[in-house]
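Counted the way the working numbering counts, the sequence shown spans residues 250 to 395. I have placed the structure first, in the form of structure tokens, so that the comments after it can refer back to it.
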Amino acid sequence: MRLALREAAHAVAEGDVPVGAVVVDAAGAVLGTGHNRREADQDPTAHAELLALRAAAHSLGRWRLDDCSLVVTLEPCTMCAGAAVLARVGRVIYGAPDPKAGAAGSLWDVVRDRRLNHRPEVVSGVLAEECGQILREWFTSKRVDR
Numbered sequence: 250m251r252l253a254l255r256e257a258a259h260a261v262a263e264g265d266v267p268v269g270a271v272v273v274d275a276a277g278a279v280l281g282t283g284h285n286r287r288e289a290d291q292d293p294t295a296h297a298e299l300l301a302l303r304a305a306a307h308s309l310g311r312w313r314l315d316d317c318s319l320v321v322t323l324e325p326c327t328m329c330a331g332a333a334v335l336a337r338v339g340r341v342i343y344g345a346p347d348p349k350a351g352a353a354g355s356l357w358d359v360v361r362d363r364r365l366n367h368r369p370e371v372v373s374g375v376l377a378e379e380c381g382q383i384l385r386e387w388f389t390s391k392r393v394d395r
């Protein structure tokens, strides 16, 4: 999660919402990293999780990431939770919950929906305070009514 937090800091430097993600294999080796790049790339799908999943798939030379964990600073949205399911990720680990858009238990629970063909294990709240703090600071700095 510390590496995901470092990735989130890169998003801040690029003017994007500070979310970072890392994909690791069963031994803990880093296969892919990513941070939000929606603003830099002008791409609505450039979420940290998708970029990290793509990098991991490229590193492994396969799209099935069943023996991997997706580690992300913020609870995945529906798009990213769906991508984790479709990539057959074995585990989703996240820091801060997202009560407005979270799809790993907060607002929706896409990753554990019994109607889908794959359900990753979910571990929540890892370094939640630190993960939430970087987001709170970023959003506070963006408010115009300061």
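Every residue, glycine too, gets a C-beta built ideally from N, C-alpha and C. Note that the coordinates shown come from a computational prediction; the quantities given were computed from them, not determined experimentally.
Integer Cβ distance of residue i from residue j, believed to fall under 8 angstroms
i      : j      : result
Val360 : Val371 : 6 angstroms
Asn285 : Ala295 : 7 angstroms
Ala345 : Leu384 : 6 angstroms
Val334 : Cys317 : Going by Cβ atoms, the distance from Val334 to Cys317 rounds to 13 angstroms, so no, they are not a contact pair.
Val271 : Trp387 : That belief does not hold up - the Cβ atoms of Val271 and Trp387 are roughly 19 angstroms apart, past 8 angstroms.
Proximal residues to residue i (C-beta, below 8 angstroms), its chain only, five neighbours per side dropped
i      : result
Trp357 : Thr327, Ala330 and Gly351
Residue i - DSSP class collapsed to helix/strand/coil
i      : result
Val261 : helix
Thr327 : helix
Leu340 : One point to set straight first is that residue 340 is Arg, not Leu, in the sequence displayed. Strand at Arg340.
Thr389 : helix
Leu314 : coil
Ala418 : Because the chain spans 250 through 395 in this model, residue 418 falls outside it and cannot be assessed.
Leu356 : coil
Close-in-space but distant-in-sequence residues of the same chain around residue i (CB under 6 angstroms, 5 per side omitted)
i      : result
Leu376 : Met250 and Gly344
Asp315 : Arg337 and Gly339
Beta strand (DSSP E) runs wholly inside the region 264-299, at least 3 long, in chain order: 269-273 and 279-284
Going along the chain, which unbroken runs of the beta strand (DSSP E) with 3 or more residues stay wholly within the region 359-387? 370-372
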